[in-house]
Amino acid sequence: MSRKIQTALISVYHKDGLEEILQELNRLQIKFISTGGTHEFITSLGYECETVEDVSGYPSILGGRVKTLHPKIFGGILYRRELEADKKQVKAYDIPSIDLVIVDLYPFEETVSAGGSEEEIIEKIDIGGISLIRGAAKNYKDVVIVASKEQYMPLLELLKEKNGISDVEDRRQFATDAFKVSSGYDSAIFNYFVNENRSALRVSLNEAKHLRYGENPHQKGNFYGNFDEIFEQLHGKEISYNNLLDIDAAVSLISDFDDTALAILKHNNACGMACRPTVKESWDAALAADPVSAFGGIVVTNKTVDKEAAEAINSIFFEVIIAPAYDKDALEILFQKKNRIILVLKSAEKATQKLQYRSVLNGALVQDKNDSVQTSGDIQVVTDKEPTENEIKDLLFANILVKHTKSNAIVLAKNRQLIASGTGQTSRVDALKQAIEKAEAFNFDLNGAVMASDAFFPFPDCVEIAHNAGITSVIQPGGSIRDAESIDFCNKNGLSMVTTGTRHFKH
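Under our numbering, think of the first position of the sequence shown as 775, with each following residue one higher.
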């Protein structure tokens, strides 16, 4: 059923973009009803506009808390145009027909983010606006609802191309967008009040990006979030579901390092990483760990990519590179591959959330993000032999890496270079054997290397295998009832061991 807009109720907090809407509405001789500051804005442009107070016969009261909440306003929005009983009632009570509602909401989330006081935050809980949105969206069969600036463009198209005549499909889409706004707003308010209690879960992510497919081609995939807030894509193809998983893992890993660092990731795990004075040197050392797995991987660094580094990195195929900045001549080199995704990391802080979510069975698991990074002040030497200063640096380096590696995980490192890792194994012994085999395959000398474990050693077998391979120092959480057996082996064989008290499972 087509509907022609004849009367518009307009009540907005932000006036940006409204002037062009008003011009089109005025061109179509659509009547305006408005409130407070919006009324002043409309009349300042020379348009006639009736106030809500004139329509309702009541003034704005309680410091502006009650303005639009009146039967003459909501009756005009909610009455069903084809229902005779409704027609009789609106005529009997002199209720005007309202066909278009343009409204936005008080900036609740912005006030919370800005550190507003409790009083300021509470006053930014919109009552009239959210009610107008719900009422107009509920009656989408007769009313067009525009609930945010994001809907201004579709509204302009409706006004310009259809002269304000909408069909039910148009109105239903506006209603869908409106309920997206209202549900997100209510979720933000609930999450403010529930705080750390977590008695229920409300997640609202408004921006949807349809991906080519999910993890596999037969699966549908979407990304919900503001990717452009975190990254600027300078070059390359459309980002895929699996790219996003690797990008997330890469940014999480590199964010734990302050010194110049570069990592190469494959399937969310680092297959190469090193800290060196320059990006080029870091690349060379990271690639050496596993040049086979590096093919088709993700490259991430926390420093500017210069020409020298770009020339080296360009020597192999990789899908994505992430850095805070690139020199101009470096980009000229990296642009040579047309599909290569080149990202500028604008904000590492915005790239991570405080909570992590995972769908499980018929519900969801929620946990705090693992933002624990151990320093030299967090480790406890539990053996007779103490690690050297260089070994401590390697232990802390390896401990960060093992935190970001799929469990069961073992990381072997030397001179702040990833030598090899054992990832996602069903036993810690298998993870260690995998790491040693890989290190030997790429001709690394494990004598003097260190070992990091994401969880404690239930038996002394891992430290024995590590010792036989040349490992001289170990970092692990500790906490096993048989810790003493591993410690005793280290003492008898001249290894040093430190514990952190923090487990780093990653599943």
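Backbone N, C-alpha and C fix where the C-beta goes; we use that ideal spot for every residue, glycine too.
Original post:
Would Ser996 be called buried (16 or more neighbouring beta carbons within 10 Å of its own) or exposed?
Top reply: Here residue 996 turns out to be Asn, not Ser, going by the sequence shown. Looking at its Cβ environment, which holds fewer than 16 other Cβ atoms inside 10 Å, Asn996 is exposed.
Subject >> Check whether Ile1116 and Ile1095 have beta carbons under 8 Å apart >> reply: Yes.
**OP:** Could you check how far apart the C-beta atoms of Ala1035 and Asp1058 are, in whole angstroms? I think they sit under 8 Å.
**Re:** Going by Cβ atoms, the distance from Ala1035 to Asp1058 rounds to 13 Å, so no, they are not a contact pair.
Subject >> Residues of its chain near Gly1268, where Cβ-Cβ distance is below 7 Å and the 5 sequence neighbours each way are ignored >> reply: These residues qualify, in order along the chain: Lys1159.
Original post:
Can you pull the DSSP bridge partners for Thr825?
Top reply: Ser808
Original post:
Taking the Cβ atom as the reference point for each residue, do Glu798 and Lys923 lie within a distance shorter than 8 Å?
Top reply: no
**OP:** Using the Cα positions of Gly909 and Leu1139, report the straight-line distance between them to the nearest angstrom.
**Re:** 34 Å
**OP:** Report, in whole angstroms, the separation of the C-beta atoms of Thr1078 and Ala1048, which I expect to be a contact under 8 Å.
**Re:** Contact between Thr1078 and Ala1048 does not hold, since their C-beta atoms are separated by about 17 Å, which reaches or exceeds 8 Å.
**OP:** Would you check if the distance between the CB atom of Asn1042 and the CB atom of Asp1020 is smaller than 8 Å?
**Re:** yes
**OP:** Evaluate Pro1161 with the Cβ neighbour count: other Cβ atoms within 10 Å of its Cβ, from every protein chain shown; 16 or more gives buried, anything less gives exposed.
**Re:** buried
**OP:** For Asn1189, name the three-state secondary structure that DSSP assigns.
**Re:** Correct three-state label for Asn1189: coil.
Original post:
According to DSSP, which residues form a beta bridge with Leu1036?
Top reply: Ala1048 and Thr1075, per the DSSP bridge assignment.
Subject >> Supposed contact pair Ser834 and His844 - C-beta distance, whole angstroms, cut 8 Å >> reply: Between Ser834 and His844 the Cβ distance is about 11 Å, and since that is not below 8 Å, they are no contact.
**OP:** Quick one: measure Cβ to Cβ for Cys1236 and Val1203, integer angstroms, because I've assumed they're closer than 8 Å.
**Re:** Sure, about 6 Å apart at Cβ, within 8 Å.
**OP:** Compute the beta-carbon to beta-carbon distance between Leu929 and Ile795, rounded to the nearest angstrom, for a pair I have assumed lies under 8 Å.
**Re:** 6 Å
Original post:
Is the Cβ-Cβ distance between Ile1283 and Ile804 less than 8 Å?
Top reply: Residue 1283 falls outside the range modelled here, since the chain spans only 775 to 1281, and no answer is possible.
**OP:** Could you tell me how far apart the beta carbons of Gln1208 and Asn1173 are, in whole angstroms, since I believe they sit closer than 8 Å?
**Re:** Not really, about 19 Å apart at Cβ, beyond 8 Å.
Original post:
In or out: Val977 buried (at least 16 other Cβ within 10 Å) or exposed?
Top reply: exposed
Original post:
Mapping DSSP to helix, strand and coil, what is Glu1093?
Top reply: strand
**OP:** Report yes if the CB atom of Ala1183 is closer than 8 Å to the CB atom of Gly1196, and no otherwise.
**Re:** yes
Subject >> Ile851 burial status per 10 Å Cβ neighbour count (16 or more: buried) >> reply: Counting Cβ neighbours within 10 Å, Ile851 comes out buried, since at least 16 surround it.
Subject >> Among Ser887, Arg945, Asp1103 and Ser1270, the one whose alpha carbon lies nearest that of Ala911 >> reply: Here the closest residue by C-alpha is Arg945.
Original post:
Per DSSP, Ile1116 forms a beta bridge with which residues?
Top reply: Answer by DSSP bridge pairing, in chain order: His1009 and Ile1095.
**OP:** For Asn937, collect the residues of the same chain with a Cβ closer than 7 Å to its Cβ; drop the 5 residues on either side in sequence, then sort them by chain order.
**Re:** Leu802
Original post:
Are Ile872 and Val920 closer than 8 Å when you measure CB to CB?
Top reply: no
**OP:** Note down the Cα distance separating Val1224 from Glu1012, rounded to an integer number of angstroms.
**Re:** For Val1224 and Glu1012, the distance between alpha carbons rounds to 40 Å.
Original post:
Does the beta-carbon distance from Ala1063 to Ala1083 come in below 8 Å?
Top reply: no
Subject >> Boundaries (first-last residue) of the beta strand (DSSP E) holding Tyr998 >> reply: Asn996 to Tyr998
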